[in-house]
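Data block below; observations after.
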Amino acid sequence: MATTTALPADIFDVQVNVPLIHQVVAAQLAAARQGTHSTKTRGLVSGGGKKPYRQKGTGRARQGSTRAPQFAGGGVVHGPQPRDYSQRTPKKMKAAALRGALSDRARNGRIHVIDVLVSGDAPSTSTAAAVLAGLTDRTKFLVVLERGDQVGLKSVRNLDSVHVLAVDQLNTYDVLCADDVVFTAGALATLTASSKAAATAPVAATVEKADKAEKPAKVENAEKPAKAEKAASLVDAAEAAPAPKATKAAKVAEAPAEAAAELPAAAAAPLADGSAPEGYSVKGNADSGLYHEPDGRWYDATVAEFWFKSAADAEAAGFKKAGSRAKSTAKDGEDAK
């Protein structure tokens, strides 16, 4: 009933990574723990609310509760509490560890493939035991069946030295615990097909992502003519635009000519650099309506909007001397006294 089968090298002939196998097996055993262990601390143990005896005068050590950890029946210090022992192990690590374990068994001639475990529709434990005994002298077997093979499952599930699994439940720990691994032909085909599907899935996903990435590129290419037309229209608009206005220096040069038309009587406009024309020494300010003489308090701090030759010319134009209002107000106050 046993046949010679060429095993796929990508599953049964890969490099064995012992640390990886150890990590995966440790995680699998940790995940199998219930983690329901629980102990009571002194606060959770019932009773013990009363001080057992007085603080002083007994000659014994002071005690506050009979549920303290040092008493029989007291609480437990740092005892185990319910927890989850499971570890996160990536799928690729689990698959690599399983391939390594199967490869180790295959290199030592401990992988067997049979057509069927028990022929017919009736389960037979004796027949299954005879088939397994004919494969090797070793006694610990891992039998891998198809998911729907109920006849084979019922035939070997009562054997002490045989552990049976469906092909989709195959794991590293059970492979390492068994001396020999026995596959049915259907189970091996299912394992090979699932391995190929897992290997090609990332490639298909990459192709799909590439197709999705090309769609925006087409849209961008379609928008390029529109962008080119927009750029051309901007160039035409720039060529049709009027000539730029005069620069700041030109405006400064033109300012005296414009201001000359609005000057008060007997006043002269400042020169291009803001200085006084020759013969003009009195500064005039249109906003305040004041004029400043060279010996005035705010003369140096004032920017002249126009210049007068004398204070008389400034007063004739309707300007007042800076500080004259304050002086007149002070005089009025003295007269009132």
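Heads up: the sequence shown begins at 1 in the UniProt record's numbering, then just goes up one per residue.
Cβ atoms here follow ideal geometry from the backbone N, Cα and C, with glycine treated the same way.
Distance, T89 Cα to A27 Cα
In a straight line, the C-alpha of A27 is about 7 angstroms away from that of T89.
Check the C-beta distance from V156 over to V164 and give it rounded, since I have them as a contact under 8 angstroms.
Taking the Cβ atoms as the reference, V156 lies roughly 5 angstroms from V164, within the contact range of under 8 angstroms.
Count the other CB atoms within 10 Å of the CB of V167; is the residue buried (16 or more) or exposed (fewer)?
V167 is buried by the Cβ-count criterion.
Does the contact criterion of 3 or more C-beta pairs under 8 angstroms hold for the stretch 24-40 versus the stretch 115-129?
With the cut-off at 8 angstroms, the stretch 24-40 and the stretch 115-129 do not touch.
Using beta-carbon positions only, say whether T39 and V76 come within less than 7 angstroms of one another.
In contact: T39 and V76 (Cβ atoms closer than 7 angstroms).
What separation, rounded to the nearest whole angstrom, lies between the Cα atoms of S195 and I11?
If you draw a straight line from the Cα of S195 to the Cα of I11, it is about 8 angstroms long.
As assigned by DSSP and simplified to three states, the class of K251:
Only weak support is given to the placement of K251: the predicted model assigns it a pLDDT of 45, under 50, and the value that follows is read from those uncertain coordinates. If DSSP states are grouped into helix, strand and coil, K251 belongs with the helices.
Pairwise C-alpha distance: A314 and Y280
In a straight line, the C-alpha of Y280 is about 11 angstroms away from that of A314.
Reduced DSSP category for D104 - H, G, I as helix; E, B as strand; rest coil
Secondary structure at D104: helix, using DSSP grouped into helix, strand and coil.
Could you tell me the alpha carbon to alpha carbon distance between T172 and Q15, rounded to whole angstroms?
Going from the Cα of T172 to the Cα of Q15 covers about 15 angstroms.
My understanding is that A317 touches E305, with C-beta atoms under 8 angstroms, so please give their C-beta distance in whole angstroms.
Not quite, the Cβ-Cβ distance comes to about 12 angstroms (not below 8 angstroms), so this is no contact.
Rounded to the nearest angstrom, what separates Q63 and G47 at their Cα positions?
For Q63 and G47, the distance between alpha carbons rounds to 14 angstroms.
Would you report the Cα separation of A189 and Y85, rounded to the nearest angstrom?
Our two residues, A189 and Y85, have alpha carbons roughly 35 angstroms apart in a direct line.
Within the continuous alpha helix (DSSP H) that includes H22, where are the two ends?
Run containing H22: 18-31, per the alpha helix (DSSP H) assignment.
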